[in-house]
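Trainee: Residue numbers (the working numbering), protein chains in the order written: chain A, 1 to 198; chain B, 199 to 793.
1) Output, in sequence order along the chain, the residues in the stretch 765 to 792 of chain B whose CB is closer than 7 Å to any CB in chain A.
2) For residue 387 of chain B, report the span of its beta strand (DSSP E) as first-last.
3) Our contact map puts residue 568 of chain B next to residue 592 of chain B with C-beta atoms below 8 Å; I'd like the distance itself, whole angstroms only.
4) Verify whether the separation of the beta carbon atoms of residue 672 of chain B and residue 483 of chain B is less than 8 Å.
5) Spell out a yes or no on whether the stretch 659 to 675 of chain B and the stretch 730 to 745 of chain B are touching, meaning 3 or more CB-CB pairs, one atom from each, closer than 8 Å.
6) Using DSSP's beta-bridge definition, name the partner residues of residue 359 of chain B.
7) Chain B beta carbons: is any one of them nearer than 8 Å to that of residue 18 of chain A?
8) Name, going along the chain, the residues of the stretch 536 to 554 of chain B whose beta-carbon falls closer than 8 Å to a beta-carbon of chain A.
9) Leaving out five residues before and five after residue 183 of chain A in sequence, what residues of the same chain have Cβ atoms less than 6 Å from its Cβ?
10) Considering only residues of the same chain and omitting the five flanking positions on each side of residue 75 of chain A, which have a CB-CB separation below 6 Å?
11) Could you please give the first and the last residue of the uninterrupted beta strand (DSSP E) stretch that includes residue 69 of chain A?
12) In the DSSP assignment, find the unbroken beta strand (DSSP E) run with residue 651 of chain B in it and report its ends.
13) Assuming residue 475 of chain B and residue 495 of chain B form a contact by the criterion Cβ under 8 Å, report the distance between their Cβ atoms to the nearest whole angstrom.
14) Under 7 Å between beta-carbons, which chain A residues line up against residue 589 of chain B? List them in chain order, please.
15) Quick one: complete alpha helix (DSSP H) runs, 4+ long, within the stretch 109 to 194 of chain A?
16) With DSSP as the reference, please indicate the residues paired to residue 420 of chain B in a beta bridge.
17) Tell me the residue span of the beta strand (DSSP E) that contains residue 576 of chain B.
18) Using the beta-carbon count (16 or more within 10 Å), is residue 314 of chain B buried or exposed?
19) Kindly indicate which residue of B/667, B/598, B/645 and B/648 has the alpha-carbon position closest to the one of residue 655 of chain B.
20) Rounded to whole angstroms, what is the Cα-Cα separation between residue 292 of chain B and residue 218 of chain B?
21) Assuming residue 606 of chain B is part of the beta strand (DSSP E), what are its boundary residues?
22) Leaving out five residues before and five after residue 153 of chain A in sequence, what residues of the same chain have Cβ atoms less than 7 Å from its Cβ?
23) Look up residue 36 of chain A in the DSSP assignment and give the residues it is bridged to.
24) Closer than 7 Å between beta carbons: that is the criterion. Which residues of the stretch 47 to 65 of chain A meet it against chain B?
25) For the stretch 235 to 254 of chain B and the stretch 361 to 369 of chain B, state whether three or more C-beta atom pairs, one from each stretch, are separated by less than 8 Å.
26) Please list, in chain order, all residues of the same chain as residue 647 of chain B whose beta carbon is under 6 Å from its beta carbon, the five residues on each side excluded.
27) Residues of chain B with CB under 8 Å from residue 77 of chain A, in chain order?
28) Helix, strand or coil: which one does DSSP assign to residue 91 of chain A?
29) How would you list, in chain order, the residues of chain B whose beta-carbon sits under 9 Å from the beta-carbon of residue 39 of chain A?
30) Just verifying my parser: in three-state terms, what is the DSSP assignment at residue 286 of chain B?
31) State the Cα-Cα distance for the pair residue 631 of chain B and residue 758 of chain B, rounded to the nearest angstrom.
32) Can you tell me which of the three DSSP states residue 690 of chain B falls into?
33) Measure the beta-carbon distance from residue 271 of chain B to residue 299 of chain B and round it to whole angstroms, keeping in mind my assumption that it falls under 8 Å.
34) Leaving out the 5 sequence neighbours to the left and right, which residues in its chain are closer than 8 Å to residue 597 of chain B when beta-carbon positions are compared?
35) If contacts are defined as beta-carbon pairs under 8 Å, then residue 434 of chain B and residue 331 of chain B qualify, I think. What distance do you get, rounded to the angstrom?
36) Can you list the residues of chain B that residue 80 of chain A reaches, using a CB-CB cut of under 7 Å?
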């Protein structure tokens, strides 16, 4: 809206949503844009959903918005839920191998939905699925799922390599920076190869 | 004809309460409210008690109302500040049996530290308010307040001022109201104010306010009194009495039910007169609402905004305005009822992901023990509030910080037995759990309190508190021992290792049977802090019948499979599921065991 881009990061507590949002915010700042962000994290440690929103542009007024241009999901069910945030030209960048089963599904009261492609198609939005867990493991730590997804999302976000590097360096502690830079690159490459295939 | 009695407003409220079927009265003394409880204490058929403060008094009153008896709770104006926490959320939960909160304001500060106008609390909490203007009304309005409370499922604020509470007048007694105690029915989504339920209740409150406004339009408590002059006066309480004497020929809109304001009745007054004054002590409470209707009004520009009024003051204040040319007539602009937000629809077919108690959380062990006994757990605020959600469904109430013990006390007092148990966390105990425990001891409550002591303020992210002695910079102070606090008060207290499920269950079983008041400190540090894994639960698939007893504990590490339950990698080996399994299908392989 009004030249402002909205990116929402969704997942489950403990998946590094807040760090992902911090990296994105630093990257947008490195690109010389105004950035505003907000998060709902009260229940983050008790298995609840986490939503963090980053908005950037020439001038940003509100820290939140009901619609996102890009949704980055670190978990499949949250990705499908996150489709509801996307506008018509939106993109969902979704970890399709990460499933964290909610209690009602564990107790077999409900089923776990897995047709993210169908759901995205019904909504008419673009979908980029990434085996973020596989990518992160290949990079050296399964905890880098969030950064692997940012790498994938970088293919649809308007920032250059140098800006991303500065964002990652600003937000990630030095001792785990290397492995995260690798996860970012592999995540980006995973999408590139997907694009070639399709 | 019955003999007339000569009562102060406070005595009239006490007698009016008993006549209206109130069986429970509590409060904290404060001028000019004190004599209400002093009077009920001398009356038959009603239990009266002083509480340690107004917050505990209101929480105790809520407990009694839930237990099913009509209840009054009394305090002075600043006392409602102390009770504001339960009061604001009580508006959302509503009541079971009628609950009338009496606030006695003190314009002129005869014996108070400030002059706040508690009519604002009615607006703030979106609850109905009644304001008697003499002793007879003080007597009669209590029954009206109880009727409103039960019909609209809301606490009702009965507001007096010093001159109403301490003024005396004749009271004609009325026929007693026959009231049956109301059966208590557990209703988690009504009484446990976690966000998802509170959002629903908030809409109920907003809709209720509009229904109450329609009631205020019809209510005989709001009277349009015809006059012969061209002056109309809107007033309530003692200000009405002053204005009536000052301007005997004026038209009056006398507001007995003064919140929410009946807009149409206000507009009707303007049809009869060309100038209208609001005569009210303290804040321009009615005046601002009348102005919002677009109607010209004489208000605080003439009538002082501080101190008490009297008839001469009112006369002198308004007389010059009466002489002036009346303002141009205006048509009122009726405000439409407010729109309510469209609640977000959960995406169809997608499982929700509510927060849950962690695998290995010791709170689950307390709930497992409490579930076995027919006790209504009055809850508090912390991680353990999650115990109210499916599948545990182990809390009956959550009102505000520290409310558990007072509500347990009122509930048990009203029923005369150990029917409820207070469940409170360690940080919440220090926040506001000590005063109600002092109160419960003083008032000789039969009851049990379980302190869920996980050695941290867990829900907000593991902050320190006096029990841990930790400060924000992680520096350390001497700690306060909860058991010693309880024993210092004089309350029987045991500390039990909450990871020892059998010992905890036995302690709760014993305490439930013991007479008097007792505290169990269920001690186990938060698993998110210790990250301790005691072992892993192993399933004997032959023995598991998928009966669901273990799954009902709501542990995220347990899931029913096709043939047997399965244990996920997040299991900490707390062993509670092993304990509850009736078929011996689960066993604990301790960390380090050779298996």
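No residue lacks a Cβ here, since even glycine has one placed at the ideal position from N, Cα and C.
Mentor: Checking against the coordinates, here is how it stands:
1) Of all residues in the stretch 765 to 792 of chain B, none has a Cβ within less than 7 Å of some Cβ in chain A.
2) Here the question's residue 387 of chain B lines up with position 189 in the second chain. Per DSSP, residue 387 of chain B belongs to no beta strand (DSSP E); it is in the alpha helix (DSSP H), 386 to 389.
3) Taking the first residue of the second chain as 1, we reach residue 568 of chain B at position 370. Taking the first residue of the second chain as 1, we reach residue 592 of chain B at position 394. Right, their Cβ atoms sit about 6 Å apart.
4) By one-based count along the second chain, residue 672 of chain B stands at place 474. By one-based count along the second chain, residue 483 of chain B stands at place 285. Taking 8 Å as the Cβ cut-off, residue 672 of chain B and residue 483 of chain B do not qualify as a contacting pair.
5) no
6) Here residue 359 of chain B corresponds to residue number 161 of the second chain, with the count starting at 1. Per DSSP, the beta bridge partners of residue 359 of chain B are B/303.
7) In the first chain, the residue the question calls residue 18 of chain A occupies position 18. So no, residue 18 of chain A is outside the interface.
8) 545, 547, 548, 549, 550, 551, 552, 553 and 554
9) Locating residue 183 of chain A in the first chain gives position 183, counting from the first residue. Closer than 6 Å at the Cβ level, and outside the excluded window around residue 183 of chain A, lie 136, 139, 144, 147 and 148.
10) Residue numbering aside, residue 75 of chain A sits at position 75 when the first chain is read from its first letter. Cβ within range, chain order: 11, 12, 98 and 100.
11) As a working mapping, residue 69 of chain A is identified with position 69 in the first chain. Its beta strand (DSSP E) spans residues 68 to 73.
12) One-based indexing of the second chain puts residue 651 of chain B at position 453. Run containing residue 651 of chain B: 645 to 651, per the beta strand (DSSP E) assignment.
13) Indexing the second chain from 1 puts residue 475 of chain B at position 277. Indexing the second chain from 1 puts residue 495 of chain B at position 297. Right, their Cβ atoms sit about 7 Å apart.
14) What you label residue 589 of chain B is simply residue 391 of the second chain in a count that begins at 1. Result: 107.
15) Whole alpha helix (DSSP H) segments, 4+ residues: 116 to 123, 132 to 139, 145 to 153 and 161 to 171.
16) Against the second chain, residue 420 of chain B aligns to sequence position 222. Beta bridge pairing from DSSP links residue 420 of chain B with B/453.
17) Against the second chain, residue 576 of chain B aligns to sequence position 378. Here the beta strand (DSSP E) through residue 576 of chain B covers 574 to 576.
18) For the purposes of this step, residue 314 of chain B is identified with residue 116 of the second chain, where counting begins at 1. Residue 314 of chain B comes out buried.
19) For the purposes of this step, residue 655 of chain B is taken as residue 457 along the second chain, with counting starting at 1. Here the closest residue by C-alpha is B/667.
20) What you label residue 292 of chain B is simply residue 94 of the second chain in a count that begins at 1. What you label residue 218 of chain B is simply residue 20 of the second chain in a count that begins at 1. When the Cα atoms are used, residue 292 of chain B and residue 218 of chain B turn out to be separated by approximately 19 Å.
21) Looking up residue 606 of chain B in the second chain gives position 408. Here residue 606 of chain B belongs to no beta strand (DSSP E); instead the alpha helix (DSSP H) covers 601 to 613.
22) For the purposes of this step, residue 153 of chain A is identified with residue 153 of the first chain, where counting begins at 1. Counting only Cβ-Cβ distances below 7 Å, and skipping sequence neighbours, we find 70, 72 and 93.
23) Locating residue 36 of chain A in the first chain gives position 36, counting from the first residue. Note: residue 36 of chain A sits in a beta bridge opposite A/55.
24) 47, 48 and 49
25) no
26) Working through the second chain from its first residue, we reach residue 647 of chain B at position 449. Hits under 6 Å: 603, 620 and 717.
27) On the first chain, residue 77 of chain A is found 77 positions in, with the first residue counted as 1. Chain B residues near residue 77 of chain A: 548, 549 and 551.
28) Position 91 of the first chain, counted from the start, is the residue given in the question as residue 91 of chain A. The answer is strand: DSSP assigns residue 91 of chain A an E or B state.
29) What you label residue 39 of chain A is simply residue 39 of the first chain in a count that begins at 1. Correct list: empty, because the minimum Cβ distance to chain B is about 14 Å.
30) What you label residue 286 of chain B is simply residue 88 of the second chain in a count that begins at 1. If DSSP states are grouped into helix, strand and coil, residue 286 of chain B belongs with the helices.
31) Residue mapping note: residue 631 of chain B aligns to position 433 of the second chain, counting from 1. Residue mapping note: residue 758 of chain B aligns to position 560 of the second chain, counting from 1. Those two C-alpha atoms are separated by around 39 Å.
32) Here residue 690 of chain B is taken as the residue at index 492 of the second chain, counted from 1. DSSP places residue 690 of chain B in strand when its eight states are reduced to three.
33) Position 73 of the second chain holds residue 271 of chain B. Position 101 of the second chain holds residue 299 of chain B. Indeed, because the Cβ distance is near 6 Å, the residues count as touching under 8 Å.
34) Position 399 of the second chain, counted from the first residue, corresponds to residue 597 of chain B. 257, 260, 284, 287, 288, 291, 389, 391 and 605, listed in sequence order.
35) Here residue 434 of chain B refers to the residue found at position 236 when the second chain is read from its first residue. Here residue 331 of chain B refers to the residue found at position 133 when the second chain is read from its first residue. About 7 Å; that satisfies the 8 Å criterion.
36) Counted from its first residue, the first chain places residue 80 of chain A at position 80. Here the neighbours are 548.
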